[in-house]
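Right, here's the structure in full:
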């Protein structure tokens, strides 16, 4: 495998949110160079939709839009409590918007190399917490991909690792425990806001009692929110490496229901239920899970 081809593989993996190197900055440029109870909030705050950010395109409310996702039949997921995002690198206008959300904490799930390549701009008043999830030399694995099927299987394996990986489980346990103890709104994110972030959102919505179809549809929203940046990245890969390379790496850039489902199937096979995964796999205390439910459900 040529050095240039391997370098292209690493860049694509970066834009997929899986790893990082000094190449990661602006994705297109890179391609070209290549435990307290929740405090009650006013109804107006609960009804407000998360703002759409031009420079952080996958920023959204875990609870969804409108009244919030249905939860446990007669309830809704409380809005304005937990947000999910891709790398938090807002322009000045979007930073001002984020400041208006009065976030208490930013939880960054990226590795040290990802952070060094593209550091967060933390909103005013928010504490910054790094909880790295997914380690190892993922760039070597990406460089060995031979086909789009290989790439899709790689993404499924990533989601299975969220269930089987010791370090990954420890990271999610840390995140959920700290989210349970937040006094105010918080945001968690990785690089693309779809894999590590997507699994964390899956767990939160499951804890809230949101139905499986709604959770899956929420997961797939990345393909809508990040459509422009995904298309731009694919165009740059095609221009630099041709149609075959673009087809090869396309599965890494967005999400597919089979990716999340692979993690869910692994969870079911290993633990039987989300509750058992939370308690036995992540080691969460029942009190922590109840705190999260209290914060999540109106």
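In my numbering, the protein residues as written are 30 to 327. Each residue gets a CB set at the ideal place from its N, CA and C atoms; glycine is no exception. Because the structure is a prediction, the values reported are computed rather than measured.
Assuming contact is defined by CB atoms lying nearer than 9 Å, are residue 126 and residue 80 in contact in what I supplied? The count along the chain shown starts at 1 and reaches residue 126 at position 97. The count along the chain shown starts at 1 and reaches residue 80 at position 51. Result yes, Cβ atoms of residue 126 and residue 80 sit closer than 9 Å.
Whole alpha helix (DSSP H) elements within the region 239 to 267, 4-residue minimum: 241 to 249 and 251 to 254
Roughly how many whole angstroms lie between the Cα atoms of residue 246 and residue 285? To locate residue 246, count along the chain shown from 1; it is residue 217. To locate residue 285, count along the chain shown from 1; it is residue 256. Distance between the alpha carbons of residue 246 and residue 285: 10 Å.
For residue 317, does the count of other Cβ atoms within 10 angstroms reach 16, so buried, or fall short, so exposed? By one-based count along the chain shown, residue 317 stands at place 288. It is buried - the Cβ of residue 317 has at least 16 other Cβ atoms within 10 Å.
First and last residue of the uninterrupted beta strand (DSSP E) at residue 202: For the purposes of this step, residue 202 is taken as the residue at position 173 of the chain shown. Element bounds for residue 202: not the beta strand (DSSP E) but the alpha helix (DSSP H), 195 to 209.
Do you know how far the Cα of residue 137 is from the Cα of residue 144? On the chain shown, residue 144 is found 115 positions in, with the first residue counted as 1. On the chain shown, residue 137 is found 108 positions in, with the first residue counted as 1. Rounded to whole angstroms, residue 144 to residue 137 spans 9 Å at the Cα level.
Could you round the C-beta distance between residue 202 and residue 320 to whole angstroms and report it? I think they count as a contact, below 8 Å. In the chain shown, counting from the first residue as 1, residue 202 sits at position 173. In the chain shown, counting from the first residue as 1, residue 320 sits at position 291. Contact doesn't hold; Cβ gap of about 14 Å is too wide.
Might you give, ordered along the chain, the residues of its own chain that have their beta carbon closer than 6 Å to the beta carbon of residue 157, omitting 5 neighbours on each side? Your numbering for residue 157 matches position 128 in the chain shown. Taken in chain order, the residues that qualify are 135 and 151.
Less than 9 Å between the beta carbons of residue 326 and residue 100, yes or no? By one-based count along the chain shown, residue 326 stands at place 297. By one-based count along the chain shown, residue 100 stands at place 71. For residue 326 and residue 100, yes; Cβs fall inside 9 Å.
Residue 205 and residue 311 look like a contact to me (Cβ under 8 Å); what is the Cβ gap, rounded to whole Å? Here residue 205 corresponds to residue number 176 of the chain shown, with the count starting at 1. Here residue 311 corresponds to residue number 282 of the chain shown, with the count starting at 1. Right, their Cβ atoms sit about 7 Å apart.
Cα separation between residue 85 and residue 131? Position 56 of the chain shown holds residue 85. Position 102 of the chain shown holds residue 131. Going by the C-alpha atoms only, they are around 17 Å apart.
For residue 220 and residue 115, believed in contact at Cβ under 8 Å, the rounded distance: Your numbering for residue 115 matches position 86 in the chain shown. Your numbering for residue 220 matches position 191 in the chain shown. Contact flag correct, Cβ pair sits at about 6 Å.
Since residue 137 sits in a beta bridge, which residues does DSSP pair it with? For the purposes of this step, residue 137 is taken as residue 108 along the chain shown, with counting starting at 1. 159 and 218, per the DSSP bridge assignment.
Cutting at 6 Å between CB atoms, please list the residues of its own chain near residue 227, excluding the five before and the five after it. Position 198 of the chain shown, counted from the first residue, corresponds to residue 227. Around residue 227: 248.
For residue 110, does the three-state DSSP call read helix, strand or coil? Mapped onto the chain shown, residue 110 falls at position 81. Note: residue 110 maps to coil in three-state DSSP.
Contact belief for residue 278 with residue 180 at Cβ below 8 Å, rounded distance in angstroms: Taking the chain shown and counting its residues from 1, the one referred to as residue 278 is at position 249. Taking the chain shown and counting its residues from 1, the one referred to as residue 180 is at position 151. Confirmed, about 6 Å.
Can you name, in chain order, every residue of its own chain whose Cβ lies under 8 Å from the Cβ of residue 300, other than the five neighbours on each side? Within the chain shown, the letter at position 271 stands for residue 300. Once the five neighbours on either side are set aside, the close Cβ partners of residue 300 are 192, 306, 309 and 310.
Using a Cβ-Cβ cut-off of 6 Å (strictly less than) and excluding sequence neighbours within five positions of residue 104, which residues of its own chain qualify? The sequence position of residue 104 within the chain shown is 75, counting from 1. Around residue 104: 326 and 327.
With distance defined between alpha-carbon atoms, name the residue in 313, 290, 324 and 280 nearest to residue 175. Here residue 175 refers to the residue found at position 146 when the chain shown is read from its first residue. Cα-wise, what sits closest to residue 175 is 280.
Here's the rule: buried if 16 or more other CB atoms are within 10 angstroms of the residue's CB, otherwise exposed. What is residue 229? Locating residue 229 in the chain shown gives position 200, counting from the first residue. With 16 or more other Cβ atoms within 10 Å, it is buried.
On the DSSP bridge assignment, give the partners of residue 125 in chain order. The residue given as residue 125 occupies position 96 in the chain shown. Note: residue 125 sits in no beta bridge, so no partner.
Could you spell out the range, first to last residue, of the alpha helix (DSSP H) harbouring residue 235? Along the chain shown, read from residue 1 onward, the residue named residue 235 stands at position 206. Looking at the DSSP string, the run of the alpha helix (DSSP H) that includes residue 235 is 225 to 236.
Looking only at its chain, what residues have a beta carbon closer than 7 Å to the beta carbon of residue 322, apart from the 5 residues adjacent to it on each side? The residue given as residue 322 occupies position 293 in the chain shown. The residues are 236 and 237.
At 4 residues or longer, and completely inside the region 267 to 297: list those alpha helix (DSSP H) runs for me, N to C. 272 to 282
Comparing alpha-carbon positions, which option in 196, 324, 129 and 244 lies nearest residue 164? Along the chain shown, read from residue 1 onward, the residue named residue 164 stands at position 135. For residue 164, the nearest C-alpha among the options comes from 196.
Per DSSP, the bridge partner or partners of residue 105: By 1-based counting over the chain shown, the position of residue 105 is 76. In DSSP, residue 105 forms a bridge with 99.
Going by other Cβ atoms of all chains shown within 10 Å of its Cβ, with 16 needed for buried, is residue 283 buried or exposed? For the purposes of this step, residue 283 is taken as the residue at position 254 of the chain shown. Flag for residue 283 reads buried.
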